[in-house]
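Before any comments, here is the structure.
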Ligand SMILES: C[S@@+](CC[C@H](N)C(=O)[O-])C[C@H]1O[C@@H](n2cnc3c(N)ncnc32)[C@H](O)[C@@H]1O
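Now the structure itself:
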C-alpha cells in the first residue's frame, strides 16, 4: 500500500519572494532549504506540511512531489502517470483536478498535458475499482500538479488544493488589488515590525494594512484554511489540531497604529468591508483622504504606497503626480521610511528622491519597482540611525 512521503516539500511563491519564503520556512522548522525559481524546496514531515499551509504568508501552494520521470511524448506521460498507485490515495467517490505547467517541453498546450494526466489517473482507477472519480476543478479531494521542464516531468500532490492567497477576509475589492501573498512578502521585506506605526495612504482594498496587521499580531494567515489534505486518507486530526493550537498561542498584542486612507470613497468602503475583525478596527484608522492632504500622526513610522500605475493617463500628468508624491514625502514626512511599489519605472524617476533600496517584483504580469526611501530632517549623516529598517 502506497503512503505519501512528506519528507520533500515544494512551496510555490511569486518571483522575487523566494528569499522571504525561505526565511519563513526556516522559522517553521524546515530543513535543507533550497531556493528555486518561484519556489522553495525543503525537507519536512507531515506536521511541517500542515504548518506550511497554515503559517506561511508568502506561500501560494504546498506540494509533495510523488513521481519524477522523463517524457518525450504523450505516451510517456500517460504510461508513467498511470503506473502510479492512485488507487491507494483516493476512491472512486473522491474528486480530482489537474494543474499543469510546461516550459521548453515537447508539449505545446498545458491543457492537453492536464487532460492526459487526468485520463491516466481515471483509467487507473477504473481498472482497479471498475468505477472512476469525477473532476472538480474548484474544490477537489486530490489536486495533482504536473510540472514539465524540458524532458523532465514531476507529478506532485497539492496539499493546499487552492491558492493560499485566499485568506478569506477579502469580501470586496477595488480595481487593482495587490495579491495578499505579494503584499505580505513586501511588508516582510521592508523590515517593518510590530510597534512601528504603519501608513497605507493609497489603500485601495486595504491589502497592505490587513496583511501588516496579521504580521504584527503574528496571526497565521490561513488559520481557517480549508486545505485539501484535510480530506485525505492519511489526514491526522490531532496533528493538525496541534498546529492550529500552536498558531493560536503565538498571537500577540498589536502595538502599532495603522493609518489607512484613500482618495476614493469606494476604496474606503471596500477597506472597511475587508477589515471586519473588531480587533483590527480598534487599531486601524480608516479615512477618505487625498494623500497630498495627509499629515503624519507621530514623529516617525513607515509608509507603504502603491500609487496608480497611470497606464491610462499621459506621462506629463503622471510625471506631476509622482513628483508631488516625492515633494510631499520630503516636506511633510521627515524621519519616515517609505516604500513605493510602481509598475511604471519611468514615473518612479520623477519622485526625485534617491532610493536606498531597489527591489524588482512581478505584480501579476507587470514588472514593478519596489523602492525604499529614507526621509531625513537634516543631513543624511546625522540621521543614520533611521537605517534600522533593513
Ligand atoms: C493601485 S491602487 C492600490 C491598490 C491597493 N494596494 C490594494 O491592494 O488594493 C491605487 C489606489 O490609489 C488611490 N489614489 C489615487 N490617487 C490618490 C490620492 N491622491 N490620494 C489617495 N489615494 C489615491 C486610488 O483611489 C487607488 O485606490
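In this note's numbering, the protein residues as written are 480 to 869.
Virtual Cβ for every residue (Gly too), placed ideally from N, Cα, C.
All values reported here derive from a predicted model rather than from experimental measurement.
Should residue i be counted as a contact of ligand 1 given a C-beta to heavy atom distance under 7 Å?
{"i": "residue 843", "result": "no"}
{"i": "residue 805", "result": "no"}
{"i": "residue 817", "result": "no"}
{"i": "residue 785", "result": "yes"}
{"i": "residue 501", "result": "no"}
{"i": "residue 574", "result": "no"}
{"i": "residue 743", "result": "yes"}
{"i": "residue 662", "result": "yes"}
{"i": "residue 656", "result": "yes"}
{"i": "residue 796", "result": "no"}
{"i": "residue 562", "result": "no"}
List the DSSP bridge partners of residue i.
{"i": "residue 770", "result": "According to DSSP, residue 770 bridges with nothing at all."}
{"i": "residue 513", "result": "520"}
{"i": "residue 576", "result": "622"}
{"i": "residue 542", "result": "489, 637"}
{"i": "residue 627", "result": "581, 632"}
{"i": "residue 820", "result": "849"}
{"i": "residue 528", "result": "Beta-bridge pairing links residue 528 to no other residue."}
Could you tell me the distance, in whole angstroms, from the CA atom of residue i to the CA atom of residue j?
{"i": "residue 755", "j": "residue 761", "result": "10 Å"}
{"i": "residue 598", "j": "residue 562", "result": "12 Å"}
{"i": "residue 840", "j": "residue 785", "result": "13 Å"}
{"i": "residue 668", "j": "residue 569", "result": "40 Å"}
{"i": "residue 490", "j": "residue 519", "result": "5 Å"}
{"i": "residue 777", "j": "residue 637", "result": "46 Å"}
{"i": "residue 691", "j": "residue 681", "result": "15 Å"}
{"i": "residue 501", "j": "residue 758", "result": "30 Å"}
{"i": "residue 596", "j": "residue 482", "result": "20 Å"}
{"i": "residue 713", "j": "residue 485", "result": "11 Å"}
Residues in the same chain with beta-carbon distance under 7 Å from residue i, minus the five sequence neighbours each way, listed in chain order, please.
{"i": "residue 530", "result": "507, 722"}
{"i": "residue 647", "result": "703"}
{"i": "residue 813", "result": "854, 855, 856"}
{"i": "residue 607", "result": "566"}
{"i": "residue 686", "result": "656, 657, 659, 662"}
Return the chain-ordered list of same chain residues with a C-beta closer than 8 Å to the C-beta of residue i, the five sequence neighbours on each side being excluded.
{"i": "residue 719", "result": "529, 709"}
{"i": "residue 818", "result": "665, 669, 781, 782, 783, 784, 849, 850, 851, 852"}
{"i": "residue 860", "result": "For residue 860, the predicted structure reports a pLDDT of 43, less than 50, and the residue's modelled location is therefore unreliable. A value from the coordinates is still provided. Cβ within range, chain order: n/a, list empty."}
Excluding five sequence neighbours on each side, which residues of the same chain lie with their C-beta closer than 6 Å to the C-beta of residue i?
{"i": "residue 628", "result": "582"}
Within the chosen definition, does the segment 688 to 702 reach the segment 501 to 515 through at least 3 CB pairs nearer than 8 Å?
At 8 Å Cβ cutoff, the stretches do not touch.
Pairs of beta-carbons, one from the segment 648 to 658 and one from the segment 570 to 577, closer than 8 Å: are there three or more?
No contact exists between the segment 648 to 658 and the segment 570 to 577.
Across the segment 796 to 807 and the segment 823 to 838, are there enough close Cβ pairs to call them in contact, namely three or more that are closer than 8 Å?
These segments touch.
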